[in-house]
Structures are given as structure tokens and as C-alpha cells.
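Below is one structure, written out as C-alpha cells, with a few remarks after it.
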Amino acid sequence: GESVGLHLPTLSVQEGDNSIINCAYSNSASDYFIWYKQESGKGPQFIIDIRSNMDKRQGQRVTVLLNKTVKHLSLQIAATQPGDSAVYFCAEKGIGGFQKLVFGTGTRLLVSP
Amino acid sequence: DTEVTQTPKHLVMGMTNKKSLKCEQHMGHRAMYWYKQKAKKPPELMFVYSYEKLSINESVPSRFSPECPNSSLLNLHLHALQPEDSALYLCASSQVARGSYEQYFGPGTRLTVT
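Chains as they are written, first to last, in the numbering used here: chain A, 24 to 136; chain B, 5 to 118.
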């Protein structure tokens, strides 16, 4: 994941709305993807993951969609709550070892009441 | 216990100091990681230990020296750092098994080099 400067993309939503956070990945051979949530002052927290043999996976209030054709990943959060406000990172399993995760640039989600 | 703990939470050090960051997990994970995260940027991998042996070093300067004394502990020894090394240092752990890639992160140590 390359960083694109000092400004994180930001998504602002109202409480109760559905949120969609997008991520483009770089390696067409990647077979595993993961979404993390990072609140201010905390470490990244696992949300959901998906393998390349799937195109959709659902968790509690979250859904991850994978489009391998265009190398695109999205995280959908249903009924967004103020507690969902955080920076969200997608990550792909990197080349050179199954223990390497390569993180995307991140998206800040701001939820207003 | 699904927690990774890191100490200290905050650290301020001069460029001539020697300090260490500590990380501990009791999930039975045999892979442990150090990441560096600058403000508004994603975490960047520094080191990976697998079964207490260094398996990945992402060309990190030698002023950062990792150590894995046992399967639960991970240290990062710091010496002669530069102001640009100021960042959040994150520790993570995971299982060592193909198909199991989820990494669990600690809260990080906020390092300021003066």
C-alpha cells in the first residue's frame, strides 16, 4: 500500500446510514484480504476477512465485497453508529511470505449523530 | 486472552539514549511483528519473528534491534534514533499456519525522539 500524502480520505455519514468504504489493491495474485478498524490512540482491530475464492462475506453489521476483476474491495457497514468513527484500513497478504500484510492508505469514517 | 500488551504507552528519548519497547501476548501465537506507523499513514512492517527466529527484516536501519526472548515476548531495542523515527510503534501477533493470517495488534507505543 502506498501512502498518498498527509490527508486521509474521509467519509462523513449520519448515524443510521449505511457506509461503504472502498479499497483498491495492487497484487492480482493476492488470495487473502482483511479489514481493520483503528480508533484514535489504539492499535488496529480486526473487523472481517475474505479469501479470493469468495466474492462476499458477512459479519455482524459488516459485509465485505471482493471484485477480483478490477482488484477492488469494499466494506459495508449497516446502520452506522458514532462508535464506528475510526480509520479503516484494508490489507492484502503480501508477496514474500504468508505473514506479510500490506496495508492500504486508509479511510477516515466520521459518523455524526 | 486475546490481548497484545505493549509498554510503555509513551516514550520520549534523546538521540543519544538507549531504550527498549516491550510486547507480550499469551495467545500461543508463534509469529510476532513490529510495525511503525506515522500520523495519517498505514502501519509499515519492520520485522517478523516466527518461532522466535527473525524471518523478515524490511531493511530497517540498525539503530532498531529486535529481540524475541521467548514465544510470548518481543522487544525492540532503540539506540541513536533520529527525530524522524518518532512514530507509533505497533506490535502484533498471529498463528503460524497457512490460511490463518489474522494479526492481533497491541495499542502501540507512542515514541518521540528529541
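Idealized CB from N, CA, C, for every residue including glycine.
Here D89 (chain B) carries a helix assignment [DSSP, helix/strand/coil]. At a beta-carbon threshold of 8 Å, the residues of chain A lying near Y105 (chain B) are Y55, I57, D72, K116, F121, Q122 and L124, ordered along the chain. An exposed status is given to S66 (chain B), since fewer than 16 other beta-carbon atoms sit within 10 Å of its beta-carbon. If the five residues before and after K22 (chain B) are omitted, its C-beta is found closer than 6 Å to the C-beta atoms of H83, all from its own chain and listed in chain order. Within 9 Å of the CB of V16 (chain B), no CB atom of chain A is found; the nearest one sits about 17 Å away. Sequence-distant partners of K123 (chain A) (beyond 5 residues in either direction) whose C-beta falls short of 6 Å from its own C-beta, in its chain, are G117. Judged by pairs of C-beta atoms under 8 Å, the segment 60-75 of chain A touches the segment 83-98 of chain A, as three or more such pairs exist. Excluding residues up to 5 positions away in sequence, V110, T128, G129, T130 and R131 lie with their Cβ nearer than 8 Å to the Cβ of L31 (chain A) in the same chain. In terms of Cβ geometry, W38 (chain B) and P70 (chain B) form a close pair [threshold 8 Å].
Not one beta carbon of chain B lies nearer than 8 Å to the beta carbon of G82 (chain A). Partner residues in the beta bridge of T130 (chain A), as assigned by DSSP, are A:Y111. Exclusion of the five residues before and after S24 (chain B) leaves N79, L80, H81 and L82 as the residues of its chain whose Cβ lies within less than 8 Å of its Cβ.
Contact check for V36 (chain A) against T86 (chain A) fails: the beta carbons are separated by 8 Å or more. In this structure, the beta-carbon distance from V8 (chain B) to A96 (chain B) falls below 8 Å. Apart from sequence neighbours up to five positions away, the residues of its chain that approach G82 (chain A) with a beta-carbon distance below 6 Å are I71, ordered along the chain. By the Cβ-count criterion, M36 (chain B) is buried, with 16 or more other Cβ atoms from all chains shown falling within 10 Å of its own Cβ.
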